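Engineer: Residue numbers (the numbering used here): 444 to 1128. Yeah, the Cβ is synthetic: ideal placement off N, Cα and C, and Gly gets one too. From a predicted model like this one, the values you see are computed outputs, not experimental measurements. What follows is a structure written as structure tokens; I'll ask about it next.
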């Protein structure tokens, strides 16, 4: 776990410190010195008596007691060195910069495990190995640049990749993005991104802690820990953005159900982030843009005014905002004409508010005052102002700075002239602002932040199911797909409505069932997994002759053990399902059913457990939602009944975690009911 010795040590030793600042051990020592570490600083070096002006010890055994050890020696010597430091010198925190561990070989993995065992034995904290280090206001324990000026109002940042951490800081700092603490976890041998997030949550101080958290993740090892602490931080008023790399499905396991085929580890990541309230980003610039939006006050509504002296960027920004569900509405105020009189002829106040290339700093100030005070249908303001370089624009950016500090509505600056007006932009940023050089990136980031879901409730209430009946079926079943009668029992016990059905293994039983149910009927093979693919589904069978004909035909299909008969029902075909994803747990999924699930692939996913609010949000997010509501005179579906099926699936997963895949496809839904027509349940124990 992260401890005081790591965050605020009274003493640090650099093991492998060097006078050569081109080496990690030399550079990290220089950064500690330049960062004015206030505690005692020690060095070990076999060949030097003094390193960068600091007395050097030839052996760690010669050191006094020390809190934090930064290790920059060959991998094979690290476990024994850490053993001495931990058990003889009282060290309780370790940052291992060295490579050559699990990322390279099995032998390296063994060394890494020895290292972890030593640190765990003394209840210590280990960052790395194979990392760039840690940046806190107390010590600059990294061997890389850049080193930002640390500010507790900036971003807390944790990265699974040291190089990526450097690149993100290098791109963000010139835009004005600031940082509070930076952790590079490398191989995450003992602590990874999840543990750092846990520490931020458990140590959160409303007055002093950063309220912006940035994550770069390559492997989510502990999804539930990440979910718990991310959601907790967001409930405390923080905002979190994350890049999850490695989203390719190339390595995904083949699945036999529709749910399994549509689900993937990356779908699980999306579901996890939504449930936690994390804004997912897909690259460095994307993360920086979202973090920059976080640096400004929250946008309370979706209506934005765009103030510009250049038409093209305003059009592109308006497009980006509109695609993201935000609006650039016409200004609705009797004061519009008053504002227009303050501007040069040819200006427009329709929104975008265009005050022309000849517009002045004073006019910008007037526009901002009107937009903030009098234009009630506007929630936020974007100012686009660049320059061709004919004259300095300090006065414009000074006015912008003043209004950003005094206006009640959030103002987002787009200053694209980062070369032509680099001095003016730099001066603006030094006043504590973040710049958005690209208006489209801002529009996309604003939209995603505004539409980010809130974390799911902690007190999730799910409907009751007959757990005893469910367990009797599951405990008696082997691995693989359940038989139809077992599926029926499970659905009934879960309270999921299903169509009446009978499995017939003889023609006499088929005719008897058909007579009892009445016509028309649906007939489906029992045995083959994908019934439609083998010609194993027939609808609207209208008489006894049709039942006999189809029964004989279906029984000849390979792997068929019987024929299932159901009465025909009317409704829209829906889909609901479950997939258990390694480490993440069960994912609940929904969408349009029948062949549409394969053609449209329009699905929504929630991470178990889900409540009724999450279920309704999943359904609402479907591109096909208008069809479910009813369009062009066609009746829709009972949305509440559809959502009830999803939360009952969630309850079922609590009672039967052995369910690996489950399909309800199709469900038939109309304004009166949603019932399961076909269901499959795959058990893995």
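Report yes if the C-beta distance between residue 510 and residue 534 is below 8 Å; otherwise report no.
Structural biologist: By 1-based counting over the chain shown, the position of residue 510 is 67. By 1-based counting over the chain shown, the position of residue 534 is 91. A contact, by the Cβ cut-off of 8 Å.
Engineer: Report the CB separation of residue 1001 from residue 965 in whole angstroms; it is logged as a contact under 8 Å.
Structural biologist: Along the chain shown, read from residue 1 onward, the residue named residue 1001 stands at position 558. Along the chain shown, read from residue 1 onward, the residue named residue 965 stands at position 522. A Cβ-Cβ distance of about 21 Å is found for the pair residue 1001 and residue 965, leaving them out of contact under the 8 Å criterion.
Engineer: Ordered along the chain, which non-local residues of its own chain (more than five positions away) have a Cβ less than 7 Å from that of residue 1096?
Structural biologist: Counting from 1 along the chain shown, the entry for residue 1096 is found at position 653. Once the five neighbours on either side are set aside, the close Cβ partners of residue 1096 are 1021, 1029, 1051, 1102.
Engineer: Only counting runs of 4 or more residues, tell me where the alpha helix (DSSP H) segments fall wholly within the region 503-540, in order along the chain.
Structural biologist: List check, alpha helix (DSSP H) in window: 521-531.
Engineer: With H, G and I counted as helix, E and B as strand and the rest as coil, what does DSSP make of residue 752?
Structural biologist: Numbered from its first residue, the chain shown carries residue 752 at position 309. Coil.
Engineer: Just tell me which of 1126, 939, 465, 666 has its CA closest to the CA of residue 923.
Structural biologist: Position 480 of the chain shown, counted from the start, is the residue given in the question as residue 923. Among 1126, 939, 465, 666, the Cα nearest to that of residue 923 is on 1126.
Engineer: If you draw a straight line from the C-alpha of residue 789 to the C-alpha of residue 799, how long is it?
Structural biologist: Within the chain shown, numbered from 1, the residue matching residue 789 stands at position 346. Within the chain shown, numbered from 1, the residue matching residue 799 stands at position 356. Going by the C-alpha atoms only, they are around 8 Å apart.
Engineer: So, under 8 Å CB-CB, residue 722 and residue 660 are touching, yes? Tell me the CB distance rounded to an integer number of Å.
Structural biologist: One-based indexing of the chain shown puts residue 722 at position 279. One-based indexing of the chain shown puts residue 660 at position 217. Between residue 660 and residue 722 the Cβ distance is about 13 Å, and since that is not below 8 Å, they are no contact.
Engineer: Would you mind working out which of 526, 673, 578 sits nearest residue 566, comparing C-alpha positions?
Structural biologist: Taking the first residue of the chain shown as 1, we reach residue 566 at position 123. If we check each option's Cα against that of residue 566, 526 comes out closest.
Engineer: Tell me, which residues are paired with residue 1125 by DSSP?
Structural biologist: For the purposes of this step, residue 1125 is identified with residue 682 of the chain shown, where counting begins at 1. In DSSP, residue 1125 forms a bridge with 924, 1104.
Engineer: Counting only runs of 3+ residues fully inside the region 1041-1127, write out the beta strand (DSSP E) ranges in chain order.
Structural biologist: 1046-1050, 1102-1112, 1117-1119, 1122-1126
Engineer: Less than 8 Å between the beta carbons of residue 920 and residue 931, yes or no?
Structural biologist: Stepping through the chain shown from its first residue, residue 920 is reached at position 477. Stepping through the chain shown from its first residue, residue 931 is reached at position 488. Cβ distance not < 8 Å, so residue 920 and residue 931 don't count as in contact.
Engineer: Sort out for me which residues DSSP pairs residue 1009 with in a bridge.
Structural biologist: Taking the first residue of the chain shown as 1, we reach residue 1009 at position 566. In the DSSP output, where bridge partners are listed per residue, residue 1009 has 965.
Engineer: Quick check on the DSSP output: what are the complete alpha helix (DSSP H) runs of length 4 or more inside the region 825-865, in order along the chain?
Structural biologist: 837-849
Engineer: Let me know the secondary structure DSSP gives residue 1014 once reduced to three states.
Structural biologist: The sequence position of residue 1014 within the chain shown is 571, counting from 1. Looking at residue 1014 - three-state DSSP - the assignment turns out to be coil, as it is neither helix nor strand.
Engineer: Assign residue 559 to buried or exposed, taking buried as 16 or more other Cβ atoms, counted over all protein chains shown, within 10 Å of its Cβ.
Structural biologist: For the purposes of this step, residue 559 is taken as residue 116 along the chain shown, with counting starting at 1. Classification for residue 559: buried.
Engineer: Given a threshold of 16 other Cβ atoms within 10 Å of its Cβ, counted over all protein chains shown, does residue 654 qualify as buried or as exposed?
Structural biologist: What you label residue 654 is simply residue 211 of the chain shown in a count that begins at 1. Buried, because 16 or more other Cβ atoms sit within 10 Å of the Cβ of residue 654.
Engineer: What separation, rounded to the nearest whole angstrom, lies between the Cα atoms of residue 669 and residue 633?
Structural biologist: Taking the chain shown and counting its residues from 1, the one referred to as residue 669 is at position 226. Taking the chain shown and counting its residues from 1, the one referred to as residue 633 is at position 190. Answer to the nearest angstrom: the Cα atoms are 15 Å apart.
Engineer: DSSP three-state label for residue 801, please.
Structural biologist: Residue mapping note: residue 801 aligns to position 358 of the chain shown, counting from 1. Residue 801: coil per DSSP, three-state reduction.
Engineer: Given this structure, state the Cα-to-Cα distance separating residue 719 from residue 678, to the nearest angstrom.
Structural biologist: Here residue 719 corresponds to residue number 276 of the chain shown, with the count starting at 1. Here residue 678 corresponds to residue number 235 of the chain shown, with the count starting at 1. Rounded to whole angstroms, residue 719 to residue 678 spans 10 Å at the Cα level.
Engineer: Using three-state DSSP, classify residue 609 as helix, strand or coil.
Structural biologist: Here residue 609 refers to the residue found at position 166 when the chain shown is read from its first residue. Look at residue 609 here: in three-state DSSP terms it is helix.
Engineer: I need the DSSP call for residue 444, collapsed to helix, strand or coil.
Structural biologist: Taking the chain shown and counting its residues from 1, the one referred to as residue 444 is at position 1. Correct three-state label for residue 444: coil.
Engineer: In three-state terms, what does DSSP make of residue 1030?
Structural biologist: On the chain shown, residue 1030 is found 587 positions in, with the first residue counted as 1. DSSP places residue 1030 in strand when its eight states are reduced to three.
Engineer: If you drop the 5 nearest sequence neighbours on each side, which residues of the same chain put their C-beta closer than 8 Å to that of residue 639?
Structural biologist: Counted from its first residue, the chain shown places residue 639 at position 196. If we look at residue 639 and ignore the five residues flanking it on each side, its Cβ neighbours are 445, 601, 626, 628.
Engineer: Quick one: using the 10 Å Cβ neighbour count with 16 as the cut-off for buried, is residue 740 buried or exposed?
Structural biologist: Stepping through the chain shown from its first residue, residue 740 is reached at position 297. It is exposed - the Cβ of residue 740 has fewer than 16 other Cβ atoms within 10 Å.
Engineer: Under 8 Å, with one C-beta from each stretch per pair, do the region 1076-1091 and the region 1109-1117 reach the 3-pair mark?
Structural biologist: yes
Engineer: Would you tell me roughly how many angstroms separate the C-alpha atoms of residue 574 and residue 604, rounded to the nearest one?
Structural biologist: Here residue 574 refers to the residue found at position 131 of the chain shown. Here residue 604 refers to the residue found at position 161 of the chain shown. Approximately 7 Å between the Cα atoms of the pair.
Engineer: In whole angstroms, what separates the C-alpha of residue 680 from that of residue 689?
Structural biologist: Numbered from its first residue, the chain shown carries residue 680 at position 237. Numbered from its first residue, the chain shown carries residue 689 at position 246. Going from the Cα of residue 680 to the Cα of residue 689 covers about 29 Å.
Engineer: Look at the Cβ atom of residue 749, then the Cβ atom of residue 796, and state whether they are nearer than 8 Å.
Structural biologist: In the chain shown, the residue the question calls residue 749 occupies position 306. In the chain shown, the residue the question calls residue 796 occupies position 353. Yes. Within cutoff.
Engineer: Between the alpha carbons of residue 1111 and residue 1016, how many angstroms are there, rounded?
Structural biologist: Position 668 of the chain shown holds residue 1111. Position 573 of the chain shown holds residue 1016. C-alpha separation (whole angstroms): 5 Å.
Engineer: Cα separation between residue 693 and residue 712?
Structural biologist: As a position in the chain shown, residue 693 is number 250, starting the count at 1. As a position in the chain shown, residue 712 is number 269, starting the count at 1. Residue confidence is low: residue 693 scores 44 on pLDDT, short of 50, so the model does not pin down where it sits. Its coordinate-derived value is still stated next. One C-alpha to the other measures close to 16 Å.
Engineer: Would you check if the distance between the CB atom of residue 449 and the CB atom of residue 568 is smaller than 8 Å?
Structural biologist: The residue given as residue 449 occupies position 6 in the chain shown. The residue given as residue 568 occupies position 125 in the chain shown. With contacts defined by Cβ atoms closer than 8 Å, residue 449 and residue 568 form a contacting pair.
Engineer: Three Cβ pairs or more, each shorter than 8 Å: is that satisfied between the region 766-780 and the region 845-852?
Structural biologist: no
Engineer: Under 8 Å, with one C-beta from each stretch per pair, do the region 942-949 and the region 972-979 reach the 3-pair mark?
Structural biologist: no
Engineer: Would a C-beta distance cut-off of 8 Å place residue 751 and residue 663 closer than the cut-off?
Structural biologist: Within the chain shown, the letter at position 308 stands for residue 751. Within the chain shown, the letter at position 220 stands for residue 663. No, these two residues do not count as a Cβ contact at 8 Å.
Engineer: What does the Cβ neighbour count give for residue 1066, buried or exposed, with the cut at 16 atoms within 10 Å?
Structural biologist: What you label residue 1066 is simply residue 623 of the chain shown in a count that begins at 1. Result: exposed.
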